[in-house]
Structure formats: structure tokens, C-alpha cells
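In numbering that gives the first Met the number 0, the protein residues as written are 0 to 208.
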Amino acid sequence: MPSDSAQSELDAGRYWHAVLLLRAEGIGREPGVPAEILLRAEAEAGWHNWGAVLELLQGRAWLSDGAFARGSYLLGRAFEERERWMDAAEAYARYVEVAGKGTPMEAVALARRARVLEAAGHRREALASVSAMGRATVLGSWAAADLALAAARDGDTASTRAARLYVSEPQALAATWKAQADARLRAGDTLGAETALRGFARGVGPHRS
């Protein structure tokens with residue numbers, strides 16, 4: 000078990016100090032118990048030592064236990080920082096599956112999953128992750144907005160339109176109001192782009208899909 004001092008440093012957000020104490024105490028050293036390994040990984044993640052997070056958590060069978068679901072999220076973050084997009088997507092999906100629906104971090108994991116899937120070139124799957132978030136959260140709205148803007152840059156009109164269906168937060172709507180026009184322009188559809196912009200001028204503004 001970690002000392003009270005190490006736990007206090009971790010609780011206070013002084014991750015580097017916590018890591019120094021945990022390492023000195025042998026917390027996370029093999030063979031270790033899952034709770035201690037996860038605690039050490041949390042501390043290492045706190046100061047962005049993603050390599051250590053991978054070493055501590057990769058390949059752990061006990062991540063499928065709901066009590067240690069947080070480990071899958073941390074593993075996803077570590078993979079994401081290393082640009083291992085599909086490994087990150089798998090880890091985030093595992094977190095959502097193991098932690099269960101409605102957990103406070105579910106939307107965060109789904110948003111990050113959408114981002115890494117888009118980075119990996121799997122836009123359809125990214126849209127599915129955004130869809131799973133719904134339109135009710137600010138985070139979901141911005142995840143959809145990011146996806147709509149990325150699709151617009153590629154001239155992917157269908158994905159731009161699909162992503163904007165999940166944009167409801169006013170600022171996110173404002174950021175994507177001409178995404179469909181941009182997508183059509185990138186796709187070589189100048190007339191379609193002009194039509195979309197005229198629609199905005201007639202009142203189909205940023206608060207409409």
C-alpha cells in the first residue's frame with residue numbers, strides 16, 4: 000500500500016512528487032497488485048510520462064474488471080500521445096464498455112475515440128462515436144464540430160452534414176456555420192457552395208443544421 004504522504008501528494012495534484020514517493024516505495028513494481036499498479040499509472044499520467052503508463056498497463060488482463068476500468072482510459076491517452084490511433088480507439092472503447100454507460104468520463108472517452116479514429120482515417124467509425132454521445136452535451140457538440148470541420152476540409156459533404164446533426168451548442172454551431180459550403184467548395188461544387196451560403200443569408204444560420 001502507498002504511504003499516506005504519497006497518497007496526499009497525488010490527491011493534491013503534485014504528481015511528480017507522488018511518483019518519486021511511489022517509486023521509492025516499490026508501488027507498481029512487478030509483481031504488483033492491480034490497485035497499486037493503477038495508482039502508479041495515474042501518478043505517471045499526471046505528469047505526462049506516457050511511456051511509463053504504457054509499461055505499467057499494456058497487456059493487463061485485469062483491465063476488463065470494472066473496478067480498474069480507469070486503466071483503459073489512461074492506456075488510451077498514452078496510445079493517443081504516441082499517435083497509435085487504433086490502439087487508442089480500442090482502449091477508449093474498452094473503457095466505455097467496462098465502466099458502463101452514464102459514467103462521468105464516458106463522454107470524454109467517446110470524444111477522444113472520435114478524434115483518434117478521425118486521425119486514423121476511419122471517419123465512419125468516428126461519426127458512430129459522436130452519435131453515441133448524442134446532442135445533449137457540450138463535449139459531444141464540440142466533438143461533432145471538430146469532425147464536421149475536418150470533413151469539410153476534405154470536401155466530404157456527406158460526413159460534414161452528418162456530423163453537424165450532432166452540433167447543438169451555440170458556439171460550436173457558430174464555428175461550423177459554413178462547413179457545408181466549405182465542403183462543397185472543396186469538392187468542386189461551386190454552385191452548391193453558393194447555394195449553401197445563400198441559405199445562410201436567408202436565415203439558415205449557425206443555429207440550424
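The C-beta atom is built at its ideal place from N, Cα and C for all residues, glycine as well.
Note that the structure is a prediction, hence the values are computed from the model and not measured.
- Sixteen is the threshold: when 16 or more other Cβ atoms of the shown chains lie within 10 Å of the Cβ of proline 1, as they do, the residue is buried.
- If the five residues before and after glutamate 8 are omitted, its C-beta is found closer than 7 Å to the C-beta atoms of His16, Ala17, Leu20, all from its own chain and listed in chain order.
- Along the length of the region 130-179, whole beta strand (DSSP E) runs at least 3 residues long do not occur.
- Arginine 69 and proline 33 have their C-alpha atoms spaced approximately 11 Å apart.
- Within the same chain, and ignoring the five residues on either side of serine 158 in sequence, the residues whose Cβ sits closer than 6 Å to its Cβ are Arg122, Ala150.
- The three-state secondary structure of valine 32, taken from DSSP, is coil.
- About 20 Å separates the Cβ atoms of alanine 186 and alanine 144, ruling out a contact at the 8 Å cut-off.
- Exclusion of the five residues before and after alanine 87 leaves Gly75, Phe78, Glu79, Val115 as the residues of its chain whose Cβ lies within less than 6 Å of its Cβ.
- Between the alpha carbons of glycine 65 and arginine 93 lies a gap of roughly 10 Å.
- Listed in chain order, the non-local C-beta contacts of arginine 39 below 7 Å within the same chain comprise Leu21, Ile26, Gly27, Leu55, local neighbours out to five positions each way being set aside.
- In chain order, Tyr14 place their CB closer than 6 Å to the CB of glycine 45, counting only its own chain and leaving out the 5 sequence neighbours on each side.
- By the neighbour-count criterion, in which 16 or more other beta carbons inside 10 Å mark a residue as buried, glycine 139 falls on the buried side.
- In the three-state DSSP reduction, methionine 104 falls in the coil class, being neither helix nor strand.
- With contacts defined by Cβ atoms closer than 9 Å, serine 71 and alanine 113 do not form a contacting pair.
- Counting along the chain, methionine 85 sits inside the alpha helix (DSSP H) bounded by residues 84-98.
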